[in-house]
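Heads up: take any position in the sequence shown, counting from 1, add 1372, and you land on the working numbering.
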Amino acid sequence: FVVEQHPNHPDYLICELETSRGCAYRCSFCTEPLYGDPAFRAPDSVVGEVDALSDRGVAHFRLGRQADILAYGGDGEAPNPDALRELYGGIREVAPELRTLHLDNMNPVTITDYPEASREAIRVIAEHNTPGDTAAFGLESADPVVQEENNLLVTAEECLEAVRVVNEEGGWRPGDTPETTPGDPDRVTGPSTGPDASPRLPKLLPGINLVHGLTGERPETYEHNKRFLQTVYDEGLMLRRINIRQVMAFAGTEMAETGAEIAQEHKDQFQAYKREVRETIDNPMLDRVVPPGTVLPDLHLEYHQDGKTFGRQLGTYALLVAVPGERELGTTVDVAITDHGYRSVTGVPYPLDVNAASMDELTAVPGINRNTAGDIVVGRPYDSVADVDAVDPGIVDLGAYAV
Ligand code: SF4
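Put into structure tokens, the structure is as follows:
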């Protein structure tokens, strides 16, 4: 009941449900093993919690803080797709109107060790989650020396294979058809969202976590990491986001002895490398994951800056979206993406009303310059988007954005 007293209730509130504690592995910097081997909550316990929250008006959920969602309900290491089906299916049953269902972490070593069961488990997740979901992979370092010295679990090659698997099983978009699905024509494609089959974010994509300052780190470590990310990009694969951070030395972990010394020594190289990854990988990757025309529902408008309104969806690693004009804060709007920067995107309200859209909104649409936008405004009113074509045939590509 306490959720009802939250100032963001009901529309801008996401509830995180814990599914497990502990981990079967022992990476040098991590505090999770301090909770011991994994213990899982039973599906009916989590489902019951969603049911109660849903009855109180909550529509956004995240299955959070687990070491590995694939291990849920299993022996600690091997996937148990049936337990995931019970968990996700149960949640969908008690909260059929939910707007967000995302997860937190997935361990790539599970995919390496149990490829077929993992594929099945990923399919279960992608059938039940909502678009834009991210499976954060703790690669931590692509450098074999750092991997060895810190008990890291997967090599760069193994992590690359795990990235392929999640792309194949979860990288489809609602509304995809075999013809429009990139990559392998036989890959799983999702059902259409119904009458509104405009492209959405992919259902489930990997995220990559990289940690710097670990024992054994050397100048080549940065090259190994960049090479790994470049290979992912060059193979045409999608990553939802890349998280690069410097290690924090927590008491009780092996890294507590080494401390933050290495991170401090490599600070300059770290900053330059981070910038390079933003420019050479993040930027083109965003275009691949969120091409113009992608629709993001339920964007919550948070603040104004430079004549624009910025907002985000609820969910894991939500994209920051800039919308032209100063719209009312605290409200929600669906947007269609028109362009992207390094870590944020631009979008216009979706569907755009061609009889009411502002000049700034019209010029944000790819292919419309100020002259064309001016002609569109002068030619109002229109009975349909097709009539706008008469204004400037061939230039206006409003179909994906407007009604
Ligand atoms: S980093 Fe992940 S796999 Fe390693 S000990 Fe922590 S939770 Fe387990």
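Positions of the beta carbon are idealized from the N, C-alpha and C atoms, including for glycine.
Here the structure is a predicted model, which means the values were calculated and not measured.
- Judged by DSSP in its simplified three-state form, Lys-1639 adopts helix.
- When the five nearest sequence neighbours on each side are left out, the beta carbons in the same chain lying within less than 6 Å of the beta carbon of Val-1737 are those of Thr-1710, Tyr-1773, in order along the chain.
- Counting only unbroken stretches of 4 or more residues, the alpha helix (DSSP H) elements lying wholly within the region 1409 to 1484 are 1415 to 1427, 1453 to 1466, in sequence order.
- In this structure, Asn-1522 places its C-beta atom within 8 Å of the C-beta atom of Cys-1399.
- Not one heavy atom of the ligand SF4 falls within 7 Å of the beta-carbon of Ala-1493.
- Measuring C-alpha to C-alpha distances from Glu-1595 to each of Pro-1516, Asp-1670, Val-1538 identifies Pro-1516 as the nearest.
- The Cβ-Cβ distance between Asn-1452 and Tyr-1460 does not fall below 8 Å.
- Not one heavy atom of the ligand SF4 is found less than 7 Å from the C-beta of Asn-1615.
- DSSP places Cys-1531 in the helix class (H, G or I) of the three-state scheme.
- If you ignore the 5 residues before and after Gly-1719, its C-beta comes within less than 7 Å of the C-beta of Leu-1668, Val-1693, Val-1695, Val-1707, Ala-1708, Ile-1709, Thr-1710, all in its own chain and listed in chain order.
- Using a Cβ distance threshold of 8 Å, Thr-1630 and Ser-1513 do not count as a contacting pair.
- Shortest Cα-Cα distance from Asn-1380 to any of Ile-1748, Gly-1702, Ala-1534, Phe-1622 involves Gly-1702.
- The C-beta of Glu-1633 has fewer than 16 other C-beta atoms within 10 Å across all chains shown, which makes the residue exposed.
- For Asn-1655, no beta strand (DSSP E) encloses it; the enclosing alpha helix (DSSP H) starts and ends at 1655 to 1661.
- Ranking Arg-1699, Leu-1385, Ser-1570 by CA distance to the CA of Tyr-1675 puts Arg-1699 first.
- Taking a contact to require three or more Cβ pairs closer than 8 Å, the region 1527 to 1538 and the region 1603 to 1613 qualify as touching.
- Approximately 4 Å separates the beta-carbon atoms of Gly-1394 and Tyr-1407; this is inside 8 Å, confirming the contact.
- Excluding residues up to 5 positions away in sequence, Val-1667, Asp-1706, Val-1707, Ala-1708, Tyr-1773 lie with their Cβ nearer than 7 Å to the Cβ of Tyr-1722 in the same chain.
- Rounded to whole angstroms, the gap between the alpha carbons of Val-1583 and Thr-1482 is 20 Å.
- In summary, Lys-1639 is exposed, with fewer than 16 beta-carbon neighbours lying within 10 Å of its beta-carbon over all protein chains present.
- Annotation: the continuous beta strand (DSSP E) that includes Phe-1509 extends over 1505 to 1512.
- Sequence-distant partners of Pro-1405 (beyond 5 residues in either direction) whose C-beta falls short of 6 Å from its own C-beta, in its chain, are Cys-1395, Arg-1398.
- Around the beta carbon of Ser-1417, fewer than 16 other beta carbons sit within 10 angstroms, so the residue counts as exposed.
- Within the model, the alpha-carbon separation for Lys-1598 versus Gly-1510 is close to 16 Å.
- Annotation: Glu-1520 to Asp-1409 spans about 22 Å, alpha carbon to alpha carbon.
- Pairing Arg-1572 with Leu-1609, the inter-Cα distance amounts to about 17 Å.
- Under the three-state reduction of DSSP, Phe-1600 is assigned to helix.
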